[in-house]
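A.B. asks:
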Amino acid sequence: MQSDIRGERLVVLQVLNGESTRAGLVRELDLDDEAITRALKGLEAAAVVVIDGHRVRPSKCMQRLDVLDLISV
165 MQSDIRGERL VVLQVLNGES TRAGLVRELD LDDEAITRAL KGLEAAAVVV IDGHRVRPSK
225 CMQRLDVLDL ISV
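Per my numbering, the very first residue in the sequence shown carries number 165; after that it's consecutive.
(1) Could you tell me which residues DSSP puts in a beta bridge with S184?
(2) Give the secondary structure of I235 by DSSP, where H, G and I count as helix, E and B as strand, and everything else as coil.
(3) Cβ atoms of G171 and A209: under 8 Å apart, would you say?
(4) Which residues does DSSP list as the beta-bridge partners of V112?
(5) What is the DSSP secondary structure of L195, counted as helix, strand or coil?
What follows is the structure in structure tokens.
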């Protein structure tokens with residue numbers, strides 16, 4: 165579970181920097197393909213990210229929380 169949380173956190177921060185692809189996430193993050201898949205499934209289920217084919221982008225909710233400075237490291 166802890167590694168899933170770490171993976172989701174890394175994906176969120178990367179996606180907030182702009183629209184990404186699965187391949188881009190694997191390339192940019194220190195996570196294997198399986199960890200990226202688990203993170204994306206969890207984040208999509210919680211409506212944090214939107215997955216459209218290979219593209220991954222922040223949901224409107226995540227964008228709004230970021231504008232409100234409620235997402236921080």
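Each residue gets a CB set at the ideal place from its N, CA and C atoms; glycine is no exception. Keep in mind that this is a model prediction, so the values were computed, not measured.
C.D. replies: Working from what's here:
(1) V220
(2) coil
(3) no
(4) Because residue 112 is not part of the residues shown, which for the chain are 165 to 237, the question remains open.
(5) coil
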